[in-house]
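Per UniProt numbering, the very first residue in the sequence shown carries number 1; after that it's consecutive.
By construction, the Cβ of each residue, glycine as well, lies at the ideal position given by its N, Cα and C atoms.
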Amino acid sequence: MNPFLVWGRKCFHTSGVLWRNKKPSNKLKGKSPSSQQWLSRQFNDPYVKQAKVENYRARSAFKLLEIDARFRLLRPGHVVVDCGAAPGSWSQVAVEKVNAQGTDPNKPMGKVISVDLLHFEPIEGAVLLTESDFTHPATQSRILLLLNGQLVNSVLSDMAPNSTGMHEMDHENIIGLCKSALGFARDILREDGHFLCKLWDGHETGRLKEKLAAEFRGVKVVRPDASRKESSEIFLLGRGFKRYLVHPLGGSLPNGRT
C-alpha cells in the first residue's frame with residue numbers, strides 16, 4: 001500500500017509512525033483467540049482509524065471513495081439507491097458527493113435512498129428504509145414511491161448474506177443478492193447510469209460480468225485498496241447503462257412514470 005492514500009480531497013498517511021499507539025493489551029485480556037484477532041486487526045487498521053477521524057460509520061466508506069475517485073460515479077444532483085446500506089458509510093459518501101443536503105447552493109441537489117434489512121441510525125440528507133428486505137417486492141415498491149417517477153443515476157449494492165464459512169455457498173448467496181439488485185436496477189436506472197455491487201469472487205463471477213456487459217457500455221472488476229488482503233471481496237462495476245436497449249418502448253418506470 002502506498003504511504004499516502006488519496007480519494008478526492010481526502011488524504012491520510014498510513015505509515016507505522018503516524019499510527020503508532022500502545023498495544024491494546026487490556027482490551028484483549030479474557031477474550032477468545034478469534035476475538036483477540038479481530039480486535040487486534042481493528043486496532044491496527046488505518047482505515048478504521050481514519051473512518052473515526054472523518055466521522056464515517058465504517059471503513060467501507062473508503063472503498064466507495066476510491067472507486068468514485070477512479071470512475072466518477074457520483075455527482076451533484078444525482079439520484080442514488082444504496083442497497084445494504086447499514087451502518088451507513090456508503091450513504092454518507094453518497095450524500096456528500098451528490099449534494100443531497102444542499103450544502104453547496106451553487107450545485108444541484110441530489111437524492112439518496114438507503115435500504116437495509118437491519119436497523120441503523122438516521123443519516124442527514126438520506127431517506128432510510130430500515131428493517132426492510134431489499135429483495136422483497138414490497139420494499140422495491142416503497143423505493144419506487146420515494147423516487148416518484150425519477151430515474152436513478154447509480155444503484156449501489158454492498159449487500160452480503162450471513163457467512164456460512166463455506167466459500168462456494170457464500171459465493172452463490174451473494175451472487176443471488178447481486179442479481180436481485182441488478183434486476184431492480186434494470187427498471188430504475190436512467191440511460192448511462194451506473195451499477196456497483198460487492199461480491200465474493202468465485203465460479204459465478206464471470207457469468208454475472210457477462211450479464212452486465214450485455215446491458216452496460218463498460219464493465220470493470222474492481223478491488224479497492226481498502227478491501228482486506230485476506231478477503232475474496234471484489235466489486236463489479238457497470239458503467240453506461242443501455243436503457244433504450246433494455247427498454248426500447250420509452251423506458252418508463254414500473255409505475256408508468258418516465
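Check	Outcome
Distance between beta carbons of K63 and P161, contact taken as under 8 Å	Wrong, their Cβ atoms sit about 18 Å apart, outside the cutoff.
Environment of G125 [buried if 16+ CB atoms lie within 10 Å]	buried
Straight-line Cα distance separating N173 from G16	Because the pLDDT of G16 is 32, which lies under 50, any placement of that residue in the model is unreliable, and the question is left without a value.
Presumed contact (8 Å Cβ cut-off) between V98 and P76, rounded CB distance	6 Å
Secondary structure, alpha helix (DSSP H): runs of 4+ residues fully inside the region 134 to 183	137 to 147
Proximity winner among L208, M169, V93, D201, relative to Y56 (alpha-carbon distances)	V93
Residues near H78 in its chain [Cβ-Cβ closer than 7 Å; skip 5 each side]	V98, G110, N153, S154
Where the beta strand (DSSP E) through residue 283 begins and ends	With the chain covering only 1 through 258, there is no way to say anything about residue 283.
Backbone CA spacing between residue 260 and L156 [nearest angstrom]	There is simply no residue 260 to check, as the chain begins at 1 and stops at 258 in what is shown.
Where F235 sits in the DSSP three-state scheme	strand
CA-to-CA distance, T103 to I67, given in whole angstroms	23 Å
Reference L128; option with closest CA among V81, K107, L212, D158	V81
Three-state secondary structure (DSSP) of F195	strand
Cβ pair count under 8 Å reaching 3, the region 175 to 183 against the region 193 to 202	yes
K220 (DSSP reduced to helix, strand or coil)	strand
Best match in A69, L146, P87 for proximity to A51 [C-alpha to C-alpha]	P87
Simplified DSSP assignment, three categories, for F71	helix
Option in L208, G240, V222, L177 with minimal Cα separation from E191	G240
C-alpha gap between D201 and K107, whole angstroms	38 Å
Element boundaries [alpha helix (DSSP H), containing S91]	89 to 98
Nearest-angstrom Cα separation, counted from H171 out to T205	9 Å
DSSP bridge partner residues for F241 (one or two, in chain order)	F216
Proximity of L245 and E210 at Cβ, strictly below 8 Å	no
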